[in-house]
Amino acid sequence: MMFDAVVVPLLLGFLEGLTEFIPVSSTGHLLIASRFLGFHSAGGTFEVVIQLGAILAVVWIYLAKIVRTLGGLGHDPQARHFALSVLIAFLPSVMAGLLLHDFIKTVLFESPGIIATALIIGGIVLLIVDRLPIPQRHVDAEHFPWRMSLGIGLAQCLSLIPGVSRSGATIVGALLMGADRRAAAEFSFFLSIPTMVAAVSYDLWENRAGLDAGAVHEIAIGFAAAFFSAIVVVRWLLAYLNRHGFAVFGWWRIIVGAGVWGLLLTGHA
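Read the sequence shown against the numbering used here and you will find it ends at 855, with the numbers running on by one and no gaps.
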């Protein structure tokens, strides 16, 4: 029992950190893995809250840029432009999340068929977008036009469906609007900070009554594992994307989604 209370949250935390910033859907992978490992958290709080550990990895890596932007809000027009861009991209999903929170947690989170289908469709989209000859007009995440930021924010709303992938939706949205791969990924990293802080805060408040000592212990383990594994992934991902693109993530999504559907149809899930 003690083994499961430590090892399973640890494994899920590492899985979260490894998948949060690559376009494969960390939530989808967590929910599927939790189901097969027999792990259950009240209200799905564990799967949401440990994502903040991965987000803190971005804060750690980009701390100097974040401090510079915040410190320049009073006197630097470029800092204000970038901060407002992230805010504009953040607002659509937070409003949609507030409206659909109960439906997402009680219906979509409990539907492995929906998650598997979203993984497959998202994989196909990634393969297509990766091959499109889209002119790359925007190479700096700090200079995205506000209209483009709004488009990325609207794309992020799709990630409220588990299996779609928050990073996948925002990166694809940015690519379709002319961002290069590195700038698209970096903007997705920065957008994840307010998005996940808001999601985690709201989820903790909604499920505060079900958070006992055992749940807090599991969350702490998963949180730490997500933080350290995400640091590795964020540093690796930018270099990888410049050389290889998104095809491997698209195929991975399709394979995982098809595997889950196979288990569901044969009664093994």
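Virtual Cβ for every residue (Gly too), placed ideally from N, Cα, C. Given the structure is predicted, the values throughout are model-derived calculations rather than measurements.
Of the candidates 599, 676 and 596, 676 places its Cα closest to the Cα of residue 775. Residue 787 and residue 805 have their alpha carbons spaced roughly 14 Å apart. Per DSSP, the continuous alpha helix (DSSP H) segment holding residue 828 begins and ends at 799 to 830. Of 845, 812, 825 and 847, the smallest CA-CA separation from residue 596 is found for 812.
Between residue 705 and residue 843, the C-beta spacing is below 8 Å. Using a Cβ distance threshold of 8 Å, residue 751 and residue 708 count as a contacting pair.
Taking 8 Å as the cut-off, the beta carbon of residue 608 is found closer than this to the beta carbon of residue 823. For the pair of segments examined, the region 714 to 722 was found to touch the region 825 to 838: the number of CB pairs separated by less than 8 Å reaches three.
Counting only the Cα atoms, residue 734 lies some 43 Å from residue 800.
For residue 733, the enclosing alpha helix (DSSP H) has its first and last residue at 732 to 742. Per DSSP, residue 840 is one residue of the alpha helix (DSSP H) stretching across 833 to 851. The distance from the Cβ of residue 808 to that of residue 606 is about 12 Å, inconsistent with a contact at the 8 Å cut-off.
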